[in-house]
Amino acid sequence: MPRPPILEQLSLQEIWESGKTWIDWLSSAESEENAEKMRVASTVSTLTPPMRAYLEALPRQVHVLAFAEDWCGDVQRYVPVLERLSAHAPNLLIRYFSREDQPELFKRYLTNGGEAVPKFVFTNHEFVECGNWGPLPWSLRLLIARGKAAGNVGAARKRVSLHCDADPDCMEATRELLELIDIASAASV
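Numbering-wise, the sequence shown is residues 50 to 238 according to this note's numbering.
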């Protein structure tokens, strides 16, 4: 599908190739404490055996351009989820960026006009964009949007926090990320 003429055509492959690996991204973190927290969280796998088997057998490569900054609580919560998935998926390849690394690409993925991270852009094996995720699971994004509409983002954030406490393994985000991986790795309709 061609891009609208007002958007500059960007090479997602070239951008992906310029990104940092997980190890390099963690090494460049502003806070070693945050980096270590994410490193540990990424190793705690709560994936079911069917999820692991699915990831191990992805039919095609999936490339993810991950916008993330270690100071952000949502990044600290959801980047390890993406890394847990990639630990079981040889065909799930991720590169990390800050918003400032790729501003022309990042501004295409604003959340309600804001520069929220994390933002994960999924492409197929030929670097065709197939979807994006973030900065929160869909149900939580809806809560924040309702809070903004009602003029009470504070109350919405409290509800988001309660939801996160009730989903410590981030299974809602895991399911949503698996759906995007499934789309991006599809070999047929």
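Built from N, CA and C at the ideal position, the CB exists for glycine as well.
Bridge partners of residue i, per DSSP?
i             : result
threonine 172 : His112 and Glu178
lysine 69     : Tyr145
Which residue comes first and which comes last in the beta strand (DSSP E) that contains residue i?
i              : result
isoleucine 317 : Nothing about residue 317 can be reported from this structure: the residues present for the chain run from 50 to 238 only.
For residue i, which residues in the same chain have their Cβ closer than 7 Å to its Cβ, ignoring the five residues on either side in sequence?
i              : result
asparagine 181 : Tyr158, Lys168, Phe169, Val170 and Phe171
proline 129    : Met87, Ala90 and Ser91
valine 6       : In the structure as shown, the chain begins at 50 and stops at 238. Residue 6 is therefore absent and cannot be evaluated.
Can you find the residues in the same chain that come closer than 8 Å, C-beta to C-beta, to residue i, ignoring five residues on each side of it along the sequence?
i             : result
alanine 236   : Pro108 and Arg109
valine 202    : Ile193 and Gly196
alanine 204   : Gly196
glutamate 241 : The chain is shown from 50 up to 238; residue 241 falls before or after that span and cannot be answered.
In this structure, does DSSP put residue i in helix, strand or coil?
i            : result
threonine 92 : helix
glycine 183  : coil
glycine 162  : coil
Answer yes or no: do residue i and residue j have a C-beta to C-beta separation smaller than 8 Å?
i                 : j              : result
phenylalanine 155 : arginine 144   : no
proline 184       : glutamate 221  : no
leucine 229       : methionine 100 : no
threonine 70      : aspartate 218  : no
valine 111        : serine 234     : yes
leucine 59        : glutamate 175  : no
Check for me: the alpha helix (DSSP H) holding residue i runs from which residue to which?
i              : result
tryptophan 120 : It is not in any alpha helix (DSSP H) - tryptophan 120 carries neither H nor E in the DSSP assignment.
arginine 208   : 202–215
leucine 154    : 152–155
How about residue i: is its C-beta nearer than 8 Å to some C-beta of chain B?
i          : result
leucine 75 : Protein chain content of the structure displayed is limited to a single chain, and chain B is not contained in it.
Give me, in chain order, the residues of the same chain whose beta-carbon lies closer than 6 Å to that of residue i; leave out the 5 immediate sequence neighbours on both sides.
i           : result
leucine 191 : none
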